[in-house]
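Inspection log for the structure reproduced underneath, given as C-alpha cells.
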Amino acid sequence: MKGRWNWRAVKGLSAFVYLAMMLPLLVVVLNSFHPDRIPTFPPKSLSIRWYEAFLADQMLIDALVFSTKIAALAAIGCGIVGTLTALGFVRYDFPLKKGLVIAVLSPMLVPPVIIGLASTMFFGEVGLSRGTLWIATMHVLIGLPYAFLVIRSRLYLFDETLEEAAMTLGASRLRTFREITFPIIAPSILTGMVLAFVISFGEFTATQFWVVGSKTTVPVVIYTMLETLITPKVNVLATFVLVVTIAIPAIGMLIQRQLTATSE
Amino acid sequence: MSTPNTSVGAEVSRIKNRLAEHRYLRLLVAPGVGLLWVTFFLFAPLGIIVLFSFYGAGEYGAIVQEFTLANYERFVANPIYHTIIAKSFGIGVVTTLIVLPLGYSLGYFLARSDTKYKPLLLGLVVVQFWVPIIIRTYAWISILGRRGVVNQILMMGSIITEPLQLLYTMHGMLIGLVVSLMPFMILPVYSAVSTIDDDIIQAAKTLGASDARAFYEVTLPLSWPGVVSGILFTFIIAAGAFIAPQLLGGPGERMIAPVIADVFLRDFNWPFAAALSLIYFLLIGVSLYIFTRKADLEEALEGTAL
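Chains as they are written, first to last, in our numbering: chain A, 10 to 273; chain B, 2 to 307.
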C-alpha cells in the first residue's frame with residue numbers, strides 16, 4: 010500500500026511529532042520533583058520538597074477546588090443544554106436550520122479574548138457580579154459546541170422506530186425518553202460532559218477577564234505565577250492538573266464503555 | 002383507594018403529553034435552549050462591543066457615553082496596530098503551514114499503520130486535547146532555556162559550544178504554537194484517512210499510478226475534509242494566540258490577543274479595547290467568509306469532536 014521510502018518518512022516525522030508533544034508533559038512532571046529552584050537538566054536528584062510547599066499553600070489548593078467546581082458545573086450545564094439542543098436540531102425541522110447550527114457552534118469561532126472582554130462589558134451592564142455563576146455560565150457557552158456535536162452525531166444514528174414502538178405500547182413521551190432514548194444516548198452525553206469538563210478546566214484566555222480575588226481558576230494562577238513570582242510550586246500545580254485532566258476523561262471513557270455495553 | 006391519586010396522575014401525564022406535543026413549545030424547549038444561550042452570552046455581548054467602541058475614554062478608565070469615532074481614528078492613525086494585526090494573521094498562516102505536513106503525517110500514520118500499539122498511540126494524541134494549553138506551552142520555558150533540555154543535549158553532543166537563544170524569540174513562540182495545535186490537525190486527518198478504502202488506492206496503483214501520484218490524486222483529495230478542519234482550527238487559534246506569545250515570544254512578538262487584553266485589563270480603556278476587538282473580529286469574519294467559499298464550515302467544525 011505504501012512505498013517503502015515514503016512510509017519511512019511518514020514514520021520518522023510521526024516519531025518526531027510524538028517526541029515534541031510528549032516532551033513538555035514529561036518535563037513538567039520531572040521538574041516538579043526537581044530539588045532546585047531553577048531546574049536544570051538532567052536533575053542530579055529528586056525531591057518532594059515542592060510538593061510539601063504546595064500542600065502548605067492554601068491559595069493553590071483553593072484554586073484547584075474552585076476550578077474543579079466550575080468544570081463540574083460546566084459539564085452539567087453542557088450535558089443538559091447540549092442534549093436538548095442536539096435533540097431539537099436532529100428531530101425537528103425549522104427555518105434557517107443550517108445557519109442556526111453555525112450560531113450554536115459559533116463559540117468555537119469567536120476568539121476567546123473577545124468572548125472574555127465582551128461578556129465582561131455585558132455582565133457589567135446587566136449588573137451580575139463576578140464569581141461562580143458568571144464563570145460557569147460562560148464555560149457552558151465555550152463547551153456547548155463540543156457537547157452539542159458529540160451528542161448530535163449519536164442522535165443521527167438513532168433508530169427512531171424504537172421510540173415509536175414504545176409509544177405504541179402505551180408509554181408516555183416522558184417515559185419513552187427516560188427508558189428508551191436516554192439510555193441509548195447516555196454514553197455520548199457523558200463524552201460531551203467530559204469534554205466540557207476538560208475545556209473548562211483548562212480555559213485561560215477568556216477566563217482571565219472573569220476571575221476575582223479568591224475565585225480564581227488554576228490556569229490563571231499558573232499564568233500569574235509564571236509572570237510574577239517564579240516558584241517551582243507551579244510545576245507541582247501543573248502536575249496535579251495533568252493528573253486531573255487525564256484521569257477524569259479516562260474514567261469517563263471507562264464508564265462510557267460500560268454504559269455502551271449494557272445498552273446494546 | 003388510590004382513585005384520586007391515579008386520576009391526578011393521569012391528568013398530569015395527559016397535560017405533560019399535550020405540552021410535549023405542542024409544536025411551538027417544543028421548539029422553545031429543544032433547540033431554543035442552546036440558541037438562547039449563545040444569544041444571551043455571546044451575541045448580546047458582541048452587540049455591547051459595538052456600542053462601547055463608539056464611546057469615549059475618560060481618565061482612569063472612565064467611560065464617556067457620548068458618540069465618538071475617536072477609537073477608530075486612533076486605530077487608523079497608529080500603524081503599530083496595523084502591524085500587530087498583520088503579524089497575528091501572518092503567524093496564524095505560518096503556524097498552519099508548519100502544522101499541516103507534520104500533523105498530516107501523524108494522522109496518516111495512525112490511520113494506515115497496522116501496529117498493535119495503535120490504541121495507545123491514538124490515546125497519546127487525544128491526551129494532548131485534554132491537557133490545558135497553558136501547561137503544554139509553559140513547559141517549553143525550561144526545555145528551550147539556555148540551560149534547558151535542548152541546549153544541554155546539543156552541548157553534550159558537542160554540536161554547539163554556546164547555548165542557543167531559543168526562548169523569547171519568534172522561533173520559541175512558533176515551537177510552542179505548532180506543538181500545542183498539532184492535535185487539531187492530527188485527529189481530523191486520522192478520521193478522514195481511516196475512512197478511505199484501501200482498495201481504491203490499490204486500484205490506482207494497479208492502473209499504473211506511482212505511490213506519489215496515488216497519494217496526490219486519491220488519498221489527499223479524499224482526506225481533504227480532515228485537512229480543511231485542521232486548517233480552520235489551527236489558523237484561528239494561532240492568530241488569536243495569547244499564551245505562547247506571552248510566555249515564549251520575544252518583546253517584539255506582540256500579537257493582537259495580548260494587546261487587546263492589555264488595553265482592557267491594564268489601561269482600563271474599554272472603548273478602545275472594544276474597537277480593536279471589533280476590527281479583529283471582522284477580519285476573522287472575512288477569513289471565515291473566504292473559507293466558506295472553499296469548504297463547508299459546519300463540516301469543518303465537526304472535525305474535532307470525534
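C-beta atoms are modelled at their ideal positions from N, C-alpha and C, and glycine is treated no differently.
Quick caveat, the model's predicted, so the values are computed rather than measured.
Which residues does DSSP pair with residue i in a beta bridge?
| i | result |
| --- | --- |
| alanine 270 of chain A | In the DSSP output, where bridge partners are listed per residue, alanine 270 of chain A has none listed. |
| isoleucine 64 of chain B | B/Ala58 |
| lysine 295 of chain B | BP columns for lysine 295 of chain B are empty, so no partner. |
| lysine 224 of chain A | A/Val221 |
Give me the Cα-Cα distance between residue i and residue j, rounded to the nearest whole angstrom.
| i | j | result |
| --- | --- | --- |
| valine 190 of chain B | isoleucine 160 of chain B | 36 angstroms |
| glycine 250 of chain B | alanine 242 of chain B | 11 angstroms |
| asparagine 40 of chain A | threonine 170 of chain B | 23 angstroms |
| alanine 80 of chain A | alanine 145 of chain A | 7 angstroms |
| valine 269 of chain A | proline 133 of chain B | Note that residue 269 of chain A is threonine in the sequence shown here, rather than valine. Rounded to the nearest angstrom, the two C-alpha atoms are 28 angstroms apart. |
| cysteine 87 of chain A | leucine 302 of chain B | 18 angstroms |
| phenylalanine 186 of chain A | isoleucine 193 of chain A | 10 angstroms |
| phenylalanine 130 of chain B | glutamate 67 of chain B | 45 angstroms |
| isoleucine 47 of chain A | arginine 255 of chain B | 27 angstroms |
| serine 89 of chain B | serine 23 of chain A | 28 angstroms |
| threonine 162 of chain B | isoleucine 154 of chain B | 11 angstroms |
| phenylalanine 97 of chain A | glutamate 172 of chain A | Note on identity: in this sequence residue 97 of chain A is glycine, with phenylalanine being the wrong assignment. Taking the straight line joining both Cα atoms gives about 16 angstroms. |
| valine 110 of chain A | glutamate 299 of chain B | 8 angstroms |
| leucine 35 of chain A | leucine 246 of chain A | 14 angstroms |
| methionine 262 of chain A | isoleucine 255 of chain A | 11 angstroms |
| valine 219 of chain B | arginine 15 of chain B | 57 angstroms |
| aspartate 200 of chain B | threonine 138 of chain B | 41 angstroms |
Give a yes or no on whether the minimum CB-CB distance between residue i and chain B is below 7 angstroms.
| i | result |
| --- | --- |
| valine 252 of chain A | no |
| leucine 126 of chain A | yes |
| serine 41 of chain A | no |
| leucine 22 of chain A | yes |
| leucine 150 of chain A | yes |
| glycine 97 of chain A | yes |
| valine 221 of chain A | no |
| threonine 94 of chain A | yes |
| threonine 141 of chain A | no |
| methionine 234 of chain A | no |
| threonine 271 of chain A | no |
| valine 38 of chain A | no |
Does any residue of chain A bring its CB to less than 7 angstroms from the CB of residue i?
| i | result |
| --- | --- |
| valine 39 of chain B | yes |
| methionine 2 of chain B | Low local confidence applies: a pLDDT of 42 at methionine 2 of chain B is under 50, so the model's placement there is unreliable, and no value is given. |
| arginine 267 of chain B | no |
| aspartate 198 of chain B | no |
| leucine 107 of chain B | yes |
| aspartate 115 of chain B | no |
| tryptophan 225 of chain B | no |
| tyrosine 118 of chain B | no |
| glutamine 153 of chain B | yes |
| alanine 45 of chain B | yes |
| glutamine 129 of chain B | yes |
| leucine 277 of chain B | no |
| alanine 302 of chain B | It should be noted that the sequence gives leucine, not alanine, for residue 302 of chain B. Interface residue, yes. |
Flag residue i as yes when its Cβ comes closer than 6 angstroms to any non-hydrogen atom of the ligand NAD, and as no otherwise.
| i | result |
| --- | --- |
| valine 127 of chain B | Ligands displayed in this structure: none; no statement on the ligand NAD is therefore possible. |
Can you give the beta carbon distance from residue i to residue j, rounded, assuming they're within the 8 angstroms contact cut?
| i | j | result |
| --- | --- | --- |
| phenylalanine 213 of chain A | valine 229 of chain A | 6 angstroms |
| tyrosine 155 of chain A | alanine 205 of chain A | 7 angstroms |
| valine 122 of chain A | alanine 258 of chain B | 4 angstroms |
| valine 100 of chain B | valine 179 of chain B | 6 angstroms |
| isoleucine 261 of chain B | alanine 274 of chain B | 6 angstroms |
| tryptophan 141 of chain B | isoleucine 176 of chain B | 6 angstroms |
| serine 54 of chain B | alanine 276 of chain B | 4 angstroms |
| threonine 97 of chain B | isoleucine 187 of chain B | Their Cβ separation, rounded to whole angstroms, is 14 angstroms, which puts threonine 97 of chain B and isoleucine 187 of chain B out of contact at 8 angstroms. |
| serine 56 of chain A | phenylalanine 75 of chain A | Going by Cβ atoms, the distance from serine 56 of chain A to phenylalanine 75 of chain A rounds to 28 angstroms, so no, they are not a contact pair. |
Query raised in the report: Counting pairs of Cβ atoms below 8 angstroms between the stretch 32–49 of chain B and the stretch 127–146 of chain A, do you hit three or more?
Result: yes
Query raised in the report: Would you say the stretch 191–200 of chain B touches the stretch 101–121 of chain B, given that touching needs at least three Cβ pairs under 8 angstroms?
Result: Cβ pair count under 8 angstroms is three or more, so yes.
Query raised in the report: Would you call the stretch 138–153 of chain B and the stretch 208–226 of chain B touching, i.e. three or more CB-CB distances under 8 angstroms?
Result: no
Query raised in the report: Touching or not, the stretch 269–285 of chain B and the stretch 72–81 of chain B, by the rule of three or more beta carbon pairs under 8 angstroms?
Result: yes
Query raised in the report: Should the stretch 153–169 of chain A be regarded as contacting the stretch 191–205 of chain A, the criterion being three or more beta carbon pairs within less than 8 angstroms?
Result: yes
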